[in-house]
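*Asks:* Handing you a structure now.
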Amino acid sequence: MAGFVIDRAGEPDCQALVVDARKCLRKEGCDLCIKACRRSHNIPEISDPGHEIKWIWKESFQAAFVSEQSEHANAMFRDQPFVVLCNHCERPPCVRVCPTKATWRREDGIVMMDWHRCIGCRYCIAACPYGSRSFNWIDPRPHVKHLTSEFPTRSKGVVEKCTFCAERLVQGKSPACVAACEANALLFGDLEDPSSPVREALRSGYAIRRKAELGTMPEVYYVV
Amino acid sequence: MRDRGWIAVGLLMFLGVVMVPAWYNLAAGRTAKGPSLKLSTTEKECVAPISYMKTSHMKLLAEWRDLAVRSNQRTYSAQRGRTFAISLTGTCLRQCHTDKAEFCDRCHAYSGVQGPYCWDCHVDPKTAFAAARPIDARSGGQDWR
Numbered sequence: 001m002a003g004f005v006i007d008r009a010g011e012p013d014c015q016a017l018v019v020d021a022r023k024c025l026r027k028e029g030c031d032l033c034i035k036a037c038r039r040s041h042n043i044p045e046i047s048d049p050g051h052e053i054k055w056i057w058k059e060s061f062q063a064a065f066v067s068e069q070s071e072h073a074n075a076m077f078r079d080q081p082f083v084v085l086c087n088h089c090e091r092p093p094c095v096r097v098c099p100t101k102a103t104w105r106r107e108d109g110i111v112m113m114d115w116h117r118c119i120g121c122r123y124c125i126a127a128c129p130y131g132s133r134s135f136n137w138i139d140p141r142p143h144v145k146h147l148t149s150e151f152p153t154r155s156k157g158v159v160e161k162c163t164f165c166a167e168r169l170v171q172g173k174s175p176a177c178v179a180a181c182e183a184n185a186l187l188f189g190d191l192e193d194p195s196s197p198v199r200e201a202l203r204s205g206y207a208i209r210r211k212a213e214l215g216t217m218p219e220v221y222y223v224v
Numbered sequence: 001m002r003d004r005g006w007i008a009v010g011l012l013m014f015l016g017v018v019m020v021p022a023w024y025n026l027a028a029g030r031t032a033k034g035p036s037l038k039l040s041t042t043e044k045e046c047v048a049p050i051s052y053m054k055t056s057h058m059k060l061l062a063e064w065r066d067l068a069v070r071s072n073q074r075t076y077s078a079q080r081g082r083t084f085a086i087s088l089t090g091t092c093l094r095q096c097h098t099d100k101a102e103f104c105d106r107c108h109a110y111s112g113v114q115g116p117y118c119w120d121c122h123v124d125p126k127t128a129f130a131a132a133r134p135i136d137a138r139s140g141g142q143d144w145r
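In order, the protein sequence lines correspond to chains A and B. Quick note: the first sequence uses this note's numbering, first residue 1, plus one each step. Quick note: the second sequence uses this note's numbering, first residue 1, plus one each step.
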């Protein structure tokens, strides 16, 4: 049969995303990233909020950045929603608790999901402090508006979340949300590479992360 | 032995009733030949020797699944130096066996294979929304795996 060699020279070490909040959501109601993610991954649109599936979504500043509250914050932090997703933490609590290793941290930094192995115990949902994970309480297929055969759907009974478009990365493309953003507010790259777009963005201003004090070391930064 | 006649008639009737399944298949024209598969028109060579695929295609698919998802290796070096992208929908279906219903399902239905629930998630490119069948109905209520 065939064989393969795992050679990590030249491979990224820590994939991260930077949301430039100065550019994101300048246009009222923009959800290009959310739509792109949904379309690329057959994410169902379920009206019941108890059953909804979301990989990338908008959250108010108060809800997303619980530890950065201020009574007299300016309008940007009071009114503007922020785009949030799985943080692909360096020390992910979800990976720690998964009994089957259906979710694990890859060597390139992405916290990946294997839906063949997920048994639907939802420990990961309990462990994730960011609410990034969704459980398929019902069969998602009928609720997928634009079914594409480029990517599988998931079945009832598994947990899903953003995987940084691993299937696109392997083809040399950037994640769907990053590619879809018209404001250039989403930047993706290797944190260990000083010339990557994410390092450039982090040099350009002050960046915060969600619940950084928890010690999960999230790899999604928000330049504010 | 004055009932010889009756016994013979009774035996013949019994044999006739007991062999009803055979008469049924004869009438339907079914033989032990097995299902006819619609083979690929675009590709003449499979990812592995046909004899191996016949016995172990499910092993190959499991290997592909682990290679692609867990090891992030998405190209497979097949026989005679050819490489294929590791993708159930993209390679197996779209590139080669374009018709799931006339290839995969034929044998699976013939042998009554209940197993492959790959299609609960992987999308058959031929059928768009028609592929969305509820899991509950198929597995008779036991929808947890």
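Even for Gly, the Cβ is constructed at its ideal location relative to N, Cα and C.
1. How many angstroms separate the CA atom of Pro81 (chain A) from the CA atom of Cys37 (chain A)?
2. Would a C-beta distance cut-off of 7 Å place Tyr151 (chain B) and Pro35 (chain B) closer than the cut-off?
3. Which ranges does the alpha helix (DSSP H) cover as unbroken runs of at least 4 residues, wholly within the stretch 34-114 of chain B, from first to last along the chain?
4. According to the Cβ coordinates, are Ile110 (chain A) and Gln171 (chain A) closer than 7 Å?
5. So which residues on chain A does His147 (chain B) lean against when the C-beta distance must stay under 7 Å?
6. Would you say Ser149 (chain A) faces chain B, with C-beta separation under 7 Å as the test?
7. Between which residues of its own chain and Cys165 (chain A) is the CB-CB distance below 6 Å, once the five residues before and five after are set aside?
8. Could you check whether Ile86 (chain B) and Trp64 (chain B) sit closer than 7 Å to each other, using their CB atoms as the reference points?
9. At a Cβ threshold of 7 Å, is Thr89 (chain B) touching chain A?
10. For Lys173 (chain A) and Ser77 (chain B), what's the separation of their Cα atoms in angstroms?
11. Comparing the C-beta of Asp114 (chain A) with each C-beta of chain B, is any distance below 7 Å?
12. For Ser134 (chain A) and chain B, any beta-carbon pair shorter than 7 Å?
13. Taking only the alpha-carbon atoms, compute the straight-line gap between His97 (chain B) and His143 (chain A) and give it to the nearest angstrom.
14. Taking the alpha carbon of Met113 (chain A) as the point to measure from, which residue in A:Glu90, A:Thr163 and A:Cys121 has its own alpha carbon closest?
15. Can you find a C-beta in chain B that's less than 7 Å from the C-beta of Val170 (chain A)?
16. On the criterion of 16 or more Cβ atoms from any shown chain inside 10 Å, does Ser155 (chain A) qualify as buried, or is it exposed?
17. Looking at chain B, is there any beta carbon in it that lies within less than 7 Å of the beta carbon of Ser174 (chain A)?
18. Is it the case that the Cβ atoms of Arg94 (chain B) and Pro125 (chain B) are separated by a distance below 7 Å?
19. Evaluate contact between the stretch 91-103 of chain A and the stretch 123-139 of chain A, counting only Cβ atoms and requiring at least three cross-stretch pairs below 8 Å.
20. Going straight from the alpha carbon of Leu225 (chain A) to that of Cys46 (chain B), what length do you get?
21. Out of A:His88, A:Glu52, A:Phe61 and A:Asn74, which has the shortest C-alpha to C-alpha gap to Glu107 (chain A)?
22. Could you check what DSSP says for Arg210 (chain A) in three-state terms: helix, strand or coil?
23. Which two residues bound the contiguous beta strand (DSSP E) that contains Trp57 (chain A)?
24. Is the stretch 132-141 of chain A touching the stretch 39-53 of chain A, taking contact as three or more C-beta pairs under 8 Å?
25. Do Arg39 (chain A) and His146 (chain A) come within 7 Å of each other at the CB atom, strictly closer than that value?
26. How should Leu187 (chain A) be labelled, buried or exposed, when 16 other C-beta atoms within 10 angstroms of its C-beta is the threshold for buried?
27. Cα-Cα, which of A:Arg133, A:Ala21 and A:Cys30 is closest to Ala180 (chain A)?
28. How long is the line joining the alpha carbons of Arg122 (chain A) and Val158 (chain A), rounded to whole angstroms?
29. What residue ranges within the stretch 60-119 of chain A form continuous beta strand (DSSP E) runs of no fewer than 3 residues, ordered along the chain?
30. Verify the CB distance criterion: does Pro116 (chain B) have a CB-CB separation below 7 Å to chain A?
31. Using beta carbons (cut-off 7 Å, strictly below), is Val47 (chain B) in contact with chain A?
32. Let me know the secondary structure DSSP gives Leu147 (chain A) once reduced to three states.
33. I need the DSSP call for Phe14 (chain B), collapsed to helix, strand or coil.
34. Can you give me the Cβ contacts of Gly140 (chain B) inside the same chain, cut-off strictly under 8 Å, excluding the 5 residues immediately before and after it?
*Replies:* Straight from the coordinates:
1. Against the first sequence, residue 81 (chain A) aligns to sequence position 81. Against the first sequence, residue 37 (chain A) aligns to sequence position 37. In a straight line, the C-alpha of Pro81 (chain A) is about 18 Å away from that of Cys37 (chain A).
2. Here chain B has residues from 1 to 145 only, and residue 151 (chain B) is not among them.
3. If we require 4 residues or more, the alpha helix (DSSP H) runs fully inside the stretch 34-114 of chain B come out as 50-65 and 104-111.
4. Translated into the one-based positions of the first sequence, residue 110 (chain A) becomes position 110. Translated into the one-based positions of the first sequence, residue 171 (chain A) becomes position 171. Not closer than 7 Å, so no.
5. There is simply no residue 147 (chain B) to check, as chain B begins at 1 and stops at 145 in what is shown.
6. For the purposes of this step, residue 149 (chain A) is identified with residue 149 of the first sequence, where counting begins at 1. Using a Cβ-Cβ cut-off of 7 Å, Ser149 (chain A) counts as an interface residue toward chain B, since at least one Cβ of chain B sits closer than that to its own.
7. Counting from 1 along the first sequence, the entry for residue 165 (chain A) is found at position 165. Excluding sequence neighbours, Cys165 (chain A) sits near Pro175 and Ala176.
8. Against the second sequence, residue 64 (chain B) aligns to sequence position 64. Against the second sequence, residue 86 (chain B) aligns to sequence position 86. For the 7 Å CB-CB criterion, Trp64 (chain B) and Ile86 (chain B) form a contact.
9. For the purposes of this step, residue 89 (chain B) is taken as residue 89 along the second sequence, with counting starting at 1. It does; some Cβ of chain A falls within 7 Å.
10. The count along the first sequence starts at 1 and reaches residue 173 (chain A) at position 173. The count along the second sequence starts at 1 and reaches residue 77 (chain B) at position 77. Between Lys173 (chain A) and Ser77 (chain B), the C-alpha separation is close to 23 Å.
11. On the first sequence, residue 114 (chain A) is found 114 positions in, with the first residue counted as 1. Contact of Asp114 (chain A) with chain B is assigned, a C-beta pair being separated by under 7 Å.
12. The residue given as residue 134 (chain A) occupies position 134 in the first sequence. False, the Cβ-Cβ gap to chain B never drops below 7 Å.
13. On the second sequence, residue 97 (chain B) is found 97 positions in, with the first residue counted as 1. On the first sequence, residue 143 (chain A) is found 143 positions in, with the first residue counted as 1. When rounded, the distance between both Cα atoms is 28 Å.
14. The count along the first sequence starts at 1 and reaches residue 113 (chain A) at position 113. Checked all of A:Glu90, A:Thr163 and A:Cys121; the closest Cα to Met113 (chain A) is A:Thr163.
15. For the purposes of this step, residue 170 (chain A) is taken as residue 170 along the first sequence, with counting starting at 1. With 7 Å as the cut-off, Val170 (chain A) counts as an interface residue toward chain B.
16. Here residue 155 (chain A) refers to the residue found at position 155 of the first sequence. Around the beta carbon of Ser155 (chain A), 16 or more other beta carbons sit within 10 angstroms, so the residue counts as buried.
17. As a working mapping, residue 174 (chain A) is identified with position 174 in the first sequence. Taking Cβ atoms only, chain B never reaches closer than 7 Å to Ser174 (chain A), which makes this a no.
18. Position 94 of the second sequence, counted from the start, is the residue given in the question as residue 94 (chain B). Position 125 of the second sequence, counted from the start, is the residue given in the question as residue 125 (chain B). Between Arg94 (chain B) and Pro125 (chain B), the CB-CB gap stays under 7 Å.
19. Three or more beta-carbon pairs drawn from the stretch 91-103 of chain A and the stretch 123-139 of chain A are found closer than 8 Å, and the two stretches are therefore classed as touching.
20. Residue 225 (chain A) is absent from the model: chain A starts at 1 and stops at 224.
21. Within the first sequence, residue 107 (chain A) is the residue found at index 107, counting from 1. Distances from the alpha-carbon of Glu107 (chain A) to those of A:His88, A:Glu52, A:Phe61 and A:Asn74 put A:His88 closest.
22. Taking the first sequence and counting its residues from 1, the one referred to as residue 210 (chain A) is at position 210. Of the three classes helix, strand and coil, the one that applies to Arg210 (chain A) here is coil, per DSSP.
23. Along the first sequence, read from residue 1 onward, the residue named residue 57 (chain A) stands at position 57. Note, Trp57 (chain A): beta strand (DSSP E), Ile56 to Glu59.
24. Yes, since at least three Cβ pairs between the stretch 132-141 of chain A and the stretch 39-53 of chain A fall closer than 8 Å, the two stretches touch.
25. Position 146 of the first sequence, counted from the first residue, corresponds to residue 146 (chain A). Position 39 of the first sequence, counted from the first residue, corresponds to residue 39 (chain A). Yes. Within cutoff.
26. Sequence index remark: in the first sequence, residue 187 (chain A) carries index 187 (1-based). It counts as buried.
27. Position 180 of the first sequence, counting from 1, holds the residue named residue 180 (chain A). Nearest option by C-alpha distance: A:Cys30.
28. For the purposes of this step, residue 122 (chain A) is taken as the residue at position 122 of the first sequence. For the purposes of this step, residue 158 (chain A) is taken as the residue at position 158 of the first sequence. In a straight line, the C-alpha of Arg122 (chain A) is about 8 Å away from that of Val158 (chain A).
29. Complete beta strand (DSSP E) runs here, min 3: 82-85, 103-105 and 111-113.
30. One-based indexing of the second sequence puts residue 116 (chain B) at position 116. Judged by the 7 Å Cβ criterion, Pro116 (chain B) is not in contact with chain A.
31. The count along the second sequence starts at 1 and reaches residue 47 (chain B) at position 47. Output row for Val47 (chain B): interface = no.
32. Here residue 147 (chain A) refers to the residue found at position 147 when the first sequence is read from its first residue. Leu147 (chain A): coil per DSSP, three-state reduction.
33. By 1-based counting over the second sequence, the position of residue 14 (chain B) is 14. Helix.
34. Reading the second sequence from its first residue, position 140 is the one you call residue 140 (chain B). Confidence in Gly140 (chain B) is poor, its pLDDT being 36 and thus under 50, which makes the residue's placement unreliable; the coordinate value appears in the next sentence. Setting aside the 5 residues that flank it on each side, Gly140 (chain B) has no residue in the same chain whose C-beta is closer than 8 Å to its C-beta.
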